[in-house]
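With the first letter of the sequence shown counted as 1, position 334 gets the number 335 in the numbering used here; the numbers rise by one all the way through.
Even for Gly, the Cβ is constructed at its ideal location relative to N, Cα and C.
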Amino acid sequence: MKTIKQKKPVLLAIMLVMIMALSCGGGAPTTQLSDPGNNDDNNNGGQASTDDCAMEFRDLDSDNFSIVPPQRIRETVDGHYLITAAETQEIAGKSGFTKSVNATGYVYRVAYDSKSYERLAFPGVIPQDFQVLNDGGFFVCGSQIGSGTVNGYAMMCQADGTVVHEVTRHDLSSLSLSVSTPDGYLVAGIADDLLLKLAFLKPEMTIDWESELGTNIDPDAPAGSTIAITKVTDLILNPDGSFTVFVKLLRHDSNQDTHGMGLVKLSSSGSLQWSRCWWDPDSRNEPWYSPESVIGLDDGGFIISFWNNDAGRHYMYVNRLDNEGDINWSWENMSEESTPAGLAVRSDGVILNLIADYSQGERFCSISFIGSDGNFIDNKTFGVTSTPPAPDFPTDLIVTTDGHIVVTGYHNYYDDNNKYKKGIFIIKLDTNGNCSDSN
């Protein structure tokens, strides 16, 4: 295992001390094969229930464990879908914090047409993001729980889950996002001093270059102010080989804190090319701007989604930006408590805005269809009791190579023993968001 010398204490160590010694070795992980409807109480086979266009997995059901749901879904070259999840065991800590004392990460390879799947287990790993390799393997980044520590972690695996290369970042508690390039992987994580750290990893997991973002993200900030990056929400590779990162910001000016968000373009070697920051105009002490997703367009422009909270109402936005980050148009939707969950673009330029919808005490999964000119086209809404059933907490969507829309997420339920669980969903729709027999 390659390690990088520790430079700073880990931010989340406050929350994640008292860790049991677990490691992700270089051999093959646990592999579990499942068939639809195989309900195994010992969690050796799991369950994949199907209904029309949906698959639900309820195999992460260990007692006293919390479920980390999938954050991304990706398509493989052979038409499978990959998602990740994790089980974490926690105990009460000081000052109301919880401490993870055990964890197992999972990579699901789903054969949707046959409604079957394979699950690979990685003890001690909490996946946050991943990339699919052309040879059937995959690259995963996130956190690794070790002996008394939680560190940023990344691994490259063969299709069967064998870990080929891995790297540990002792100065970060998590490598939360990644993007794949022909030459390697860019990974990003938040340090304890609220700087965004980026590292470009070669395929063998050695570092090619590193970059940091903090107060330098906004050259127009008032003199003497400091800027903290509190969350990195998306990271993409642009068509010209550069990178764009979407972040949540907190600016401190004398006795006042201002929330905001920033879009930053980096060169292929990590140098800052330009940045656009949006700050709460009223300087309210609430997260007015909350970024979600960014997509790069062929003409160098971008689509971004974000939301704000105004007196208990959520306003969701999808903005079209030019190649310098200036706004071309903005689509807005007000709701009771709904938030954007992902973006995708169809081959005809129509934008798909995935929404975790909440209205009148019920949660839904919605997809808004927006034209390339910013005009609203249609909306599709699904729920756990709808046809097809869908996650009421959606987390990501993609448009597949054959034009289908695939959504992942989760919903909460109580099992037969009245224990609180999370079921993981995948739903597959046609290009217009309908459940079709051709799926």
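(message) Between VAL319, ASN334, SER336 and MET335, which has its C-alpha nearest ILE328's C-alpha?
(response) Position 327 of the sequence shown, counted from the start, is the residue given in the question as residue 328. Out of VAL319, ASN334, SER336 and MET335, the CA that lies nearest to the CA of ILE328 is found in VAL319.
(message) Taking a contact to mean a Cβ-Cβ separation below 7 Å, would you say LEU173 touches ALA200 in this structure?
(response) Taking the first residue of the sequence shown as position 1, residue 173 is located at position 172. Taking the first residue of the sequence shown as position 1, residue 200 is located at position 199. In this structure, ALA200 does not lie closer than 7 Å to LEU173 by Cβ.
(message) By the three-class DSSP mapping on this structure, what secondary structure does THR231 have?
(response) In the sequence shown, the residue the question calls residue 231 occupies position 230. Reduced to three states, the DSSP call for THR231 is strand.
(message) I'd like to check one pair, PHE123 with GLN132: are the Cβ atoms closer than 7 Å?
(response) Residue mapping note: residue 132 aligns to position 131 of the sequence shown, counting from 1. Residue mapping note: residue 123 aligns to position 122 of the sequence shown, counting from 1. Between GLN132 and PHE123, the C-beta spacing is not below 7 Å.
(message) Could you pull the DSSP bridge partners for PHE307 from this structure?
(response) Taking the first residue of the sequence shown as 1, we reach residue 307 at position 306. Bridge partners of PHE307: PRO292 and TYR318.
(message) For the pair the segment 215-229 and the segment 241-260, tell me if three or more CB-CB distances fall below 8 Å.
(response) yes
(message) Let me check one thing: in DSSP terms, what residues is GLN145 bridge-paired to?
(response) In the sequence shown, counting from the first residue as 1, residue 145 sits at position 144. Note: GLN145 sits in a beta bridge opposite VAL126 and ASN152.
(request) Give the C-beta separation of THR231 and ASN239 to the nearest angstrom, bearing in mind that I take them to be a contact with Cβ-Cβ under 8 Å. (result) Counting from 1 along the sequence shown, the entry for residue 231 is found at position 230. Counting from 1 along the sequence shown, the entry for residue 239 is found at position 238. Between ASN239 and THR231 the Cβ distance is about 24 Å, and since that is not below 8 Å, they are no contact.
(request) Decide if the segment 170-186 is in contact with the segment 211-219; the criterion is three or more beta carbon pairs, one per stretch, under 8 Å apart. (result) no
(message) Using only the alpha-carbon positions, how far apart do SER291 and GLY261 sit?
(response) Residue numbering aside, residue 291 sits at position 290 when the sequence shown is read from its first letter. Residue numbering aside, residue 261 sits at position 260 when the sequence shown is read from its first letter. Roughly 7 Å between the two C-alpha positions.
(request) Give the range of the beta strand (DSSP E) segment to which GLU211 is assigned. (result) For the purposes of this step, residue 211 is taken as residue 210 along the sequence shown, with counting starting at 1. For GLU211, the enclosing beta strand (DSSP E) starts and ends at 208-214.
(request) Output the distance between the C-alpha atoms of GLU338 and TRP280, rounded to the nearest integer angstrom. (result) For the purposes of this step, residue 338 is taken as residue 337 along the sequence shown, with counting starting at 1. For the purposes of this step, residue 280 is taken as residue 279 along the sequence shown, with counting starting at 1. Taking the straight line from one Cα to the other gives about 21 Å.
(request) Would you tell me roughly how many angstroms separate the C-alpha atoms of GLY404 and LEU430, rounded to the nearest one? (result) Within the sequence shown, residue 404 is the residue found at index 403, counting from 1. Within the sequence shown, residue 430 is the residue found at index 429, counting from 1. CA-CA distance, GLY404 to LEU430, rounds to 9 Å.
(message) Quick check on the DSSP output: the beta strand (DSSP E) that includes LYS203 runs from which residue to which?
(response) Counting from one through the sequence shown, the residue named residue 203 turns up at place 202. Segment: none, LYS203 is in no beta strand (DSSP E) and carries neither H nor E.
(request) Could you tell me how far apart the beta carbons of VAL69 and ILE127 are, in whole angstroms, since I believe they sit closer than 8 Å? (result) Position 68 of the sequence shown, counted from the start, is the residue given in the question as residue 69. Position 126 of the sequence shown, counted from the start, is the residue given in the question as residue 127. At roughly 6 Å, the Cβ-Cβ gap stays under 8 Å, so VAL69 and ILE127 are in contact.
(request) Using the Cα positions of THR432 and SER373, report the straight-line distance between them to the nearest angstrom. (result) Translated into positions along the sequence shown, residue 432 becomes position 431. Translated into positions along the sequence shown, residue 373 becomes position 372. Taking the straight line from one Cα to the other gives about 16 Å.
(message) Buried or exposed for ALA55, going by 16 or more other Cβ atoms inside 10 Å?
(response) On the sequence shown, position 54 is the one that residue 55 refers to. Under the 10 Å beta carbon count, ALA55 is surrounded by 16 or more other beta carbons and is classified as buried.
(message) Given 6 Å as the limit, tell me if ALA160 has its C-beta closer than that to any heavy atom belonging to the ligand SAM.
(response) This structure does not include the ligand SAM; it has no bound ligands of any sort.
(message) Let me make sure I understand the geometry here. Which of ASP235, GLU167, VAL295 and GLY162 has the alpha-carbon closest to that of MET156?
(response) On the sequence shown, residue 156 is found 155 positions in, with the first residue counted as 1. Looking at the Cα atoms, GLU167 is the closest of the given residues.
(message) Taking 7 Å as the threshold (C-beta atoms), are CYS366 and PRO392 in contact?
(response) The sequence position of residue 392 within the sequence shown is 391, counting from 1. The sequence position of residue 366 within the sequence shown is 365, counting from 1. Yes.
(message) From the DSSP secondary-structure annotation, give me the bridge partner or partners of ASN413.
(response) Numbered from its first residue, the sequence shown carries residue 413 at position 412. Answer is LYS423, bridged to ASN413.
(message) I'd like to check one pair, TYR113 with ILE84: are the Cβ atoms closer than 7 Å?
(response) Residue numbering aside, residue 84 sits at position 83 when the sequence shown is read from its first letter. Residue numbering aside, residue 113 sits at position 112 when the sequence shown is read from its first letter. In this structure, TYR113 does not lie closer than 7 Å to ILE84 by Cβ.
(message) Measuring alpha carbon to alpha carbon, tell me which residue in LYS423, TRP210 and VAL400 is nearest GLU76.
(response) Stepping through the sequence shown from its first residue, residue 76 is reached at position 75. With distances taken between Cα atoms, GLU76 lies closest to VAL400.
(message) Looking at the secondary structure, which residues open and close the beta strand (DSSP E) in which LEU178 lies?
(response) As a working mapping, residue 178 is identified with position 177 in the sequence shown. From DSSP, the beta strand (DSSP E) with LEU178 extends over 178-182.
(request) Return helix, strand or coil for ASN329, following the three-state DSSP convention. (result) One-based indexing of the sequence shown puts residue 329 at position 328. In the structure shown, ASN329 sits in a strand (DSSP, three-state: E or B).
(request) For my contact list, ALA345 and LEU398 are in at a C-beta cut-off of 8 Å; report their separation, rounded to the angstrom. (result) Here residue 345 refers to the residue found at position 344 of the sequence shown. Here residue 398 refers to the residue found at position 397 of the sequence shown. The pair is a contact, with the Cβ atoms about 5 Å apart (cut-off 8 Å).
(request) Measure the CB-CB distance between LYS422 and TYR414 and report whether it falls below 7 Å. (result) Numbered from 1 along the sequence shown, position 421 holds the residue referred to as residue 422. Numbered from 1 along the sequence shown, position 413 holds the residue referred to as residue 414. Contact: yes.
(request) Look at the Cβ atom of PHE394, then the Cβ atom of ALA357, and state whether they are nearer than 7 Å. (result) Position 393 of the sequence shown holds residue 394. Position 356 of the sequence shown holds residue 357. Result yes, Cβ atoms of PHE394 and ALA357 sit closer than 7 Å.
(request) Taking all protein chains shown into account, decide if VAL78 is buried (16 or more other Cβ within 10 angstroms of its Cβ) or exposed. (result) Within the sequence shown, residue 78 is the residue found at index 77, counting from 1. Classification of VAL78: exposed, given that the 10 Å Cβ count is below 16.
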